[in-house]
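What follows is a short report on a single structure.
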Amino acid sequence: NFCQQLECIRKKYGQIRSQGDSATWDTVTGGSAWLLTGLLENMQDGKKQAEVAAHCKRSNWANDAHGDANRTACKLVAAGLQHISSIQRTYKDPDNVNPFDHQDIHQFVSCLMLNIVVREMKKRSVICDIDEGIKEGSGAWKSIKETHCKNQPCIQCNLDDFEKYDDCPIGNGLNRSVNVKNKLTSLITKDNKTKVEGTLKELLKTDKSDTLCPRLQCLASKVKMANQE
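Okay, so the sequence shown: first residue is 2 according to the numbering used here, each after it adds one.
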């Protein structure tokens, strides 16, 4: 199940680094913090977003604040997924004796991080409902991964599935456990808060705006969607 997969990643991380079962989840997230930097940089990179823009062209997104917010959300998610699929490790590096183990860990942890960033996007986007954009970007994974995962394995980065890891108690090798969601949330709201805010700046421009019109455009769309439910 999902919790067993997390435990497998922790143990695999410890084996690769000769720590055995004593590797803690703090060690995994701390040792993988650089992955978040790479993820955030690629998500906000205009060129990377342009490469995945074709996945974010729903016909019902108008050229208004609501449509712009959803297109931006979609491109952020899709660019994040493209980055994850491009994490490839090979035997060409003489120090990489277990390339696919490294690759699994890096892709898996990056997907966990993307999931937490996406939730932060939804939490902060109070005025504009960006659920459609997130769903559209997430749905592009199957197509996106084909570029890099034809000859080498890739994890399944299904963001909906990754929410099922929230309550998993992850062992730390000392008969204690930690909550994976709390650890990852701390990583983006404390340790890397400035980087996350930079990545989400364009997405949240309507929420931060003092201009009434774009805010009303988003609110009108939100009311319309609520009435349809």
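Every residue, glycine too, gets a C-beta built ideally from N, C-alpha and C.
Bear in mind that the values here come from a model prediction, so they are computed numbers and not experimental data.
| said: Contact defined as beta carbons within less than 8 Å: I believe Ala79 pairs with Gly138. What is the distance between those atoms, to the nearest angstrom? | reply: Here Ala79 really is in contact with Gly138; their C-beta atoms are around 4 Å apart, less than 8 Å.
| query | Taking the continuous alpha helix (DSSP H) assigned at Thr25, which residues delimit it? | reply | Secondary structure note for Thr25: it is in no alpha helix (DSSP H), with a DSSP letter that is neither H nor E.
| task | Answer with buried or exposed for Ser187, where buried requires no fewer than 16 other C-beta atoms within 10 angstroms of its C-beta. | result | Looking at its Cβ environment, which holds fewer than 16 other Cβ atoms inside 10 Å, Ser187 is exposed.
| said: What does the alpha-carbon distance come out to for the pair Lys76 and Lys202? | reply: Distance between the alpha carbons of Lys76 and Lys202 is about 14 Å.
| Simplified DSSP assignment, three categories, for Asn159 | When secondary structure is reduced to three states using DSSP, Asn159 falls in the coil class, being assigned neither helix nor strand.
| Using 8 Å as the Cβ pair cut-off and three pairs as the minimum, do the stretch 193-201 and the stretch 30-43 touch? | Yes, the stretch 193-201 touches the stretch 30-43.
| Between Met44 and Gly81, is the Cβ-Cβ spacing less than 8 Å? | Contact flag set, yes.
| query | Which class does Asn180 belong to by DSSP, given the choice of helix, strand or coil? | reply | If DSSP states are grouped into helix, strand and coil, Asn180 belongs with the strands.
| Roughly how many angstroms separate the alpha carbons of Gly31 and Asp130, rounded to a whole number? | Taking the straight line from one Cα to the other gives about 33 Å.
| field | Integer-rounded CB distance, given that Tyr14 should sit under 8 Å from Ile106 | value | Contact flag correct, Cβ pair sits at about 6 Å.
| task | Let me know if Arg72 comes out buried or exposed under the rule of 16 or more other beta-carbons within 10 Å of its beta-carbon. | result | By the 10 Å Cβ count, Arg72 comes out buried.
| field | Alpha carbon of Ser86 to alpha carbon of Asn159, nearest angstrom | value | Roughly 12 Å between the two C-alpha positions.
| said: Restricting to Cα atoms, I'd like to know which of Trp62, Cys150, Ser23 and Lys191 is closest to Asp132. | reply: Distance check between Asp132 and each of Trp62, Cys150, Ser23 and Lys191 places Trp62 closest, using alpha-carbon atoms only.
| At what residues does the alpha helix (DSSP H) containing Ser111 begin and finish? | Secondary structure note for Ser111: its alpha helix (DSSP H) is the uninterrupted segment Pro100 to Arg125.
| said: Less than 6 Å between C-beta atoms, sequence neighbours within five positions excluded: which residues of the same chain meet that for His103? | reply: Cβ within range, chain order: Arg90.
| Taking the C-alpha atoms as reference points, what is the distance between Cys9 and Cys150? | In a straight line, the C-alpha of Cys9 is about 22 Å away from that of Cys150.
| Simplified DSSP assignment, three categories, for Trp35 | If DSSP states are grouped into helix, strand and coil, Trp35 belongs with the helices.
| Range covered by the alpha helix (DSSP H) that runs through Lys13 | Note, Lys13: alpha helix (DSSP H), Phe3 to Ile17.
| query | Where does Asn43 fall in DSSP's three states? | reply | Assignment of Asn43 by DSSP, reduced to helix, strand and coil, places it in the helix class.
| With DSSP run on the structure shown, which of helix, strand or coil describes Ser60? | Look at Ser60 here: in three-state DSSP terms it is coil, with no helix or strand label.
| If you draw a straight line from the C-alpha of Lys206 to the C-alpha of Gln108, how long is it? | When the Cα atoms are used, Lys206 and Gln108 turn out to be separated by approximately 30 Å.
| said: In whole angstroms, give me the CA-to-CA distance for Asp46 and Ala74. | reply: Using only the alpha carbons, I get a separation of about 13 Å.
| task | Please report the Cβ distance between Gln22 and Lys12, rounded to the nearest whole angstrom; I am assuming they are in contact, meaning their Cβ atoms lie under 8 Å. | result | Here residue 22 turns out to be Asp, not Gln, going by the sequence shown. That pair is a contact at about 6 Å.
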